[in-house]
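Trainee:
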Amino acid sequence: GAVVSQHPSWVICKSGTSVKIECRSLDFQATTMFWYRQFPKQSLMLMATSNEGSKATYEQGVEKDKFLINHASLTLSTLTVTSAHPEDSSFYICSARSLAGDNDEQFFGPGTRLTVL
Amino acid sequence: GENVEQHPSTLSVQEGDSAVIKCTYSDSASNYFPWYKQELGKRPQLIIDIRSNVGEKKDQRIAVTLNKTAKHFSLHITETQPEDSAVYFCAATDSWGKLQFGAGTQVVVTP
Numbered sequence: 081g082a083v084v085s086q087h088p089s090w091v092i093c094k095s096g097t098s099v100k101i102e103c104r105s106l107d108f109q110a111t112t113m114f115w116y117r118q119f120p121k122q123s124l125m126l127m128a129t130s131n132e133g134s135k136a137t138y139e140q141g142v143e144k145d146k147f148l149i150n151h152a153s154l155t156l157s158t159l160t161v162t163s164a165h166p167e168d169s170s171f172y173i174c175s176a177r178s179l180a181g182d183n184d185e186q187f188f189g190p191g192t193r194l195t196v197l
Numbered sequence: 010g011e012n013v014e015q016h017p018s019t020l021s022v023q024e025g026d027s028a029v030i031k032c033t034y035s036d037s038a039s040n041y042f043p044w045y046k047q048e049l050g051k052r053p054q055l056i057i058d059i060r061s062n063v064g065e066k067k068d069q070r071i072a073v074t075l076n077k078t079a080k081h082f083s084l085h086i087t088e089t090q091p092e093d094s095a096v097y098f099c100a101a102t103d104s105w106g107k108l109q110f111g112a113g114t115q116v117v118v119t120p
């Protein structure tokens, strides 16, 4: 149980285009989903917290107009990188916290490798 | 906000020896401390976690200790094997329930 999927697993796009990444909890309902970014040889940095039916909360330094987050249901959150530039190239990972049971643990998706040319 | 520091950044051990990674945190309200193993290009994998009402937890070759007074927690891996080679991250929840990660430790187990 507690499986989180992400789609796509990798994407290559041209500078200036937008890219949408989906995060789904497959076998549980998630009150909260988180979006992280990880540059090579670095740690996971939290970008934003996504709650179903409400606006996402962004961490300091993360542009909300550039990284659009939508959490339309208890099983799906999307991150759209708008007007992507090469410096946005990174590994984007989502996680989800369950509505039921122990809700300290976060279940991570497999990540999406974004390369902006 | 929460600040998590992790040491060492790299750790090389001989197969069969023990590995210890240490972390400190700043937010006294933190109450959940997970440890993750991440292989290259993969998602972080939870290997063990501990809550603030417990001082020590063990799962086979892996153990975690927590000292709430000193605000530090440690991961201990005994009888290391080559497949233990990976990057390990500690984390702590802040007062908002968000995870703050340490910088990571690259563990290399040599046969």
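Quick note, the sequences are listed as chains W and B, same order.
Reminder that position 37 of the first sequence reads as 117 in our numbering, one-by-one numbering, no gaps.
Reminder that position 45 of the second sequence reads as 54 in our numbering, one-by-one numbering, no gaps.
We put the beta carbon where it would ideally sit given N, CA and C, even for glycine.
Hey, out of W/Phe171, W/Leu156 and W/Gln118, whose CA is closest to W/Thr89's CA?
Mentor: Reading off the sequence, residue 89 of chain W comes out as Ser, not Thr. Minimum Cα distance to W/Ser89 is reached at W/Phe171.
Trainee: Over what stretch of residues does the beta strand (DSSP E) that includes B/Thr78 continue unbroken?
Mentor: First-last for B/Thr78: undefined, no H or E at that position.
Trainee: Decide if B/Val63 is buried, meaning its Cβ has at least 16 other Cβ atoms within 10 Å, or exposed.
Mentor: Exposed, since its Cβ has fewer than 16 Cβ neighbours within 10 Å.
Trainee: Run through the region 85-152 of chain W for me and flag every whole alpha helix (DSSP H) of 4 or more residues, listed as ranges in chain order.
Mentor: Within the region 85-152 of chain W, no complete alpha helix (DSSP H) run reaches 4 residues.
Trainee: Along the region 96-114 of chain W, where does the CB come closer than 9 Å to a CB of chain B? Name the residues.
Mentor: The region 96-114 of chain W vs chain B, Cβ under 9 Å: Thr112 and Phe114.
Trainee: Does W/Leu124 get closer than 8 Å to chain B when you measure Cβ to Cβ?
Mentor: By this cut-off, W/Leu124 is an interface position.
Trainee: Shortest alpha-carbon distance to B/Asn12 belongs to which of B/Ala100, B/Thr119 and B/Thr114?
Mentor: Ranking the options by Cα distance to B/Asn12, first place goes to B/Ala100.
Trainee: Report yes if the CB atom of W/Thr192 is closer than 8 Å to the CB atom of W/Ile101, and no otherwise.
Mentor: Their beta carbons are under 8 Å apart, which means W/Thr192 touches W/Ile101 by this criterion.
Trainee: At a CB-CB cut-off below 7 Å, which residues of chain B make contact with W/Gly191?
Mentor: Ordered by position in chain B, the residues that pass the 7 Å Cβ test against W/Gly191 are Arg52.
Trainee: Taking just the CA atoms, how far does W/Asp145 sit from W/Gln118?
Mentor: For W/Gln118 and W/Asp145, the distance between alpha carbons rounds to 20 Å.
Trainee: Determine, using beta-carbon pairs with one atom in the region 140-159 of chain W and one in the region 28-38 of chain B, whether at least three such pairs fall under 8 Å.
Mentor: Short answer: they don't touch.
Trainee: Which of helix, strand or coil does DSSP assign to B/Glu92?
Mentor: Note: B/Glu92 maps to helix in three-state DSSP.
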